[in-house]
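Encoded as structure tokens, the structure appears first; notes follow it.
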Amino acid sequence: MVSVKKEVEDYIDHHAAIRKNLKKQIINKRALARQIKEEIKTEASIDAIISAIRRYPTEKIQIKEKEQPKNFKLSMKDDIFDLSLLNNPKVHKKLGELPSLVDFSRGETLRIIIGVQSIKIIGDNRNLEKINQKFLKKNIDKSKKDLSEITLTFPQQAEETTGIVSEVTTELALNHINIVEVMSSAPELILVVNEKDSLKTYRTLKNLSIF
């Protein structure tokens, strides 16, 4: 059986953002312990995990100057909706009509993400009713308004850097921020969060070191 100490070390070894925050002593160890317990499905107690976190050899962690914050650009937009539709031919047929409902010259947003079972549409609150009218009620699974969209724009080297999405989502989880949607299209990473969490999310990401 793998020891708690080994499980915790392996987890931290695979999360650069956590290592950096441990080195800087700016991480909530109890929150981290809860996250580790949930993700690795260990039967160890929270106190045992915290003890293992404290024993992690932070003196071996190297933080280079180029790893300091502001290696990416951040932008934020409020008043966003997230609409979830069933994935079927009738819905697909209507998707092509949606761009005509959006005024891109005014900076309005329209994002369509097609999954296996569902289709997600993300846009401005003011366009939700018009878009809803394009689909039968039975094809609308759920919708949520008053969200914020935060975009991280990375430098070119990000395309060859592994674990960026993991580092971002881990940092937000440690700060108790729920992510509604995550979309990636290099060099951008787009997050959708509740508006009440938008400023906290922005500040958290602004202080994040990745490269």
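When we follow the working numbering, the leftmost residue of the sequence shown carries the number 36, and every step to the right adds one.
Even for Gly, the Cβ is constructed at its ideal location relative to N, Cα and C.
> Which runs of the alpha helix (DSSP H) fall wholly inside the segment 136 to 212 and span at least 4 residues, in chain order?
Replying inline: 163 to 167 and 199 to 209
> Among L209, F116 and E223, which residue has its Cα nearest to the Cα of K179?
Replying inline: F116
> When burial is assigned at 16 or more other CB atoms within 10 Å of the CB, is S183 buried or exposed?
Replying inline: buried
> If L163 and L145 are in contact, beta carbons under 8 Å, what's the gap, nearest whole angstrom?
Replying inline: Actually they do not touch by this definition, with Cβ atoms about 11 Å apart.
>> Within 8 Å, do at least three Cβ pairs link the segment 185 to 193 to the segment 222 to 229?
In response: yes
>> Can you tell me whether K59 is buried or exposed? The criterion is at least 16 other CB atoms within 10 Å of its CB, across all chains shown.
In response: exposed
> How would you call L171, buried or exposed, if buried means at least 16 neighbouring beta carbons within 10 angstroms?
Replying inline: exposed
> I think I85 touches R54, with their Cβ atoms under 8 Å apart; what is that distance to the nearest whole Å?
Replying inline: Actually they are not in contact, since the Cβ atoms of I85 and R54 sit about 17 Å apart, beyond 8 Å.
> Among R141, S219, A51 and V37, which residue has its Cα nearest to the Cα of E202?
Replying inline: A51
> When DSSP labels each residue in this structure, what does L243 get in the three-state scheme?
Replying inline: coil
> From Q70 to T239, what distance separates their C-alpha atoms?
Replying inline: 17 Å
> DSSP on P104, reduced to helix/strand/coil?
Replying inline: For P104, the pLDDT reaches just 41, beneath the cut-off of 50, and the residue's location in the model is therefore unreliable, leaving the point undetermined.
>> According to DSSP, is N56 part of a helix, a strand, or is it coil?
In response: helix
> Is V37 helix, strand or coil by DSSP?
Replying inline: coil
>> I'd like the list of long-range same chain contacts for Q152, defined as Cβ closer than 7 Å, with 5 residues on each side in sequence excluded.
In response: N122
>> Quick check: I157 and V126, are their CB atoms within less than 9 Å of each other?
In response: no
> Using the rule of at least 16 other Cβ atoms within 10 Å of the residue's Cβ for burial, across every protein chain shown, is S11 buried or exposed?
Replying inline: No information on residue 11 is available, as it lies outside the stretch 36 to 246 that the chain covers here.
>> Pop quiz: A68 and I81 are said to be a contact at Cβ under 8 Å. What is the actual Cβ separation, rounded to whole angstroms?
In response: 5 Å
> Does the Cβ of I199 have 16 or more other Cβ atoms within 10 Å, making it buried, or fewer, making it exposed?
Replying inline: buried
> Can you pull the DSSP bridge partners for I225?
Replying inline: T186 and M218
> For L118, which of V137, A83, F107 and N174 has the nearest alpha-carbon?
Replying inline: N174
> Mapping DSSP to helix, strand and coil, what is K231?
Replying inline: helix
>> Can you tell me which residues form a DSSP beta bridge with L120?
In response: I154 and I175
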